[in-house]
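Numbering (my numbering), first residue to last: 1374 to 1437.
Idealized CB from N, CA, C, for every residue including glycine.
Data block below; observations after.
Structure below.
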(Lines of atoms letter the chains of each structure in order from A and count residues from 1; the text may use other names and numbers.)
(Lines give C-alpha, C1' and ligand atoms only; values in the text may rest on other atoms or scores of the structure.)
Protein backbone atom coordinates (compact mmCIF):
# COMPACT_ATOMS: atom_id res chain seq x y z
CA UNK A 1 0.00 0.00 0.00
CA UNK A 2 1.74 3.14 -1.18
CA UNK A 3 -0.85 5.85 -0.51
CA UNK A 4 1.28 7.45 2.23
CA UNK A 5 4.00 8.01 -0.37
CA UNK A 6 2.33 9.78 -3.35
CA UNK A 7 -0.18 11.82 -1.33
CA UNK A 8 2.36 14.06 0.45
CA UNK A 9 4.46 14.28 -2.74
CA UNK A 10 1.45 15.48 -4.75
CA UNK A 11 0.82 18.20 -2.18
CA UNK A 12 4.49 19.18 -1.97
CA UNK A 13 5.11 19.23 -5.73
CA UNK A 14 1.85 21.12 -6.32
CA UNK A 15 2.84 23.71 -3.73
CA UNK A 16 6.31 24.17 -5.23
CA UNK A 17 4.92 24.28 -8.78
CA UNK A 18 2.28 26.91 -8.12
CA UNK A 19 4.18 28.92 -5.49
CA UNK A 20 7.15 29.60 -7.80
CA UNK A 21 5.83 31.28 -10.93
CA UNK A 22 9.32 32.59 -11.80
CA UNK A 23 10.73 29.07 -12.18
CA UNK A 24 12.32 28.19 -15.50
CA UNK A 25 10.29 26.43 -18.18
CA UNK A 26 12.27 23.19 -17.86
CA UNK A 27 11.79 23.12 -14.08
CA UNK A 28 8.03 23.69 -14.45
CA UNK A 29 7.82 20.84 -16.99
CA UNK A 30 9.77 18.60 -14.62
CA UNK A 31 7.46 19.42 -11.70
CA UNK A 32 4.35 18.85 -13.84
CA UNK A 33 5.71 15.48 -14.95
CA UNK A 34 6.29 14.45 -11.34
CA UNK A 35 2.80 15.68 -10.44
CA UNK A 36 1.23 13.59 -13.22
CA UNK A 37 3.26 10.49 -12.34
CA UNK A 38 2.30 10.77 -8.67
CA UNK A 39 -1.34 11.33 -9.60
CA UNK A 40 -1.39 8.18 -11.75
CA UNK A 41 0.31 6.26 -8.95
CA UNK A 42 -2.33 7.47 -6.51
CA UNK A 43 -5.12 6.39 -8.89
CA UNK A 44 -3.70 2.87 -9.06
CA UNK A 45 -3.07 2.64 -5.31
CA UNK A 46 -6.46 3.93 -4.12
CA UNK A 47 -8.59 0.83 -4.92
CA UNK A 48 -6.09 -1.47 -3.22
CA UNK A 49 -5.89 0.83 -0.20
CA UNK A 50 -9.69 0.93 0.13
CA UNK A 51 -9.85 -2.89 0.05
CA UNK A 52 -7.03 -3.06 2.61
CA UNK A 53 -8.80 -0.62 4.95
CA UNK A 54 -12.04 -2.61 4.62
CA UNK A 55 -10.29 -5.70 5.92
CA UNK A 56 -8.77 -7.42 2.90
CA UNK A 57 -5.29 -7.61 4.37
CA UNK A 58 -3.92 -9.89 1.64
CA UNK A 59 -4.69 -7.51 -1.27
CA UNK A 60 -1.31 -5.86 -0.91
CA UNK A 61 0.46 -8.99 -2.08
CA UNK A 62 1.18 -10.51 1.31
CA UNK A 63 -0.30 -13.77 2.49
CA UNK A 64 -0.96 -13.70 6.20
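| Check | Outcome |
| --- | --- |
| Beta-carbon contacts of residue 1399 that lie in its chain and below 7 Å, excluding the five residues immediately before and after | none |
| Residue 1429 (DSSP reduced to helix, strand or coil) | coil |
| DSSP-derived helix/strand/coil call for residue 1392 | helix |
| Of the residues 1393, 1402, 1420, 1407, the one placed nearest residue 1381, counting alpha carbons only | 1407 |
| C-beta contact flag for residue 1418 and residue 1386 at 8 Å | no |
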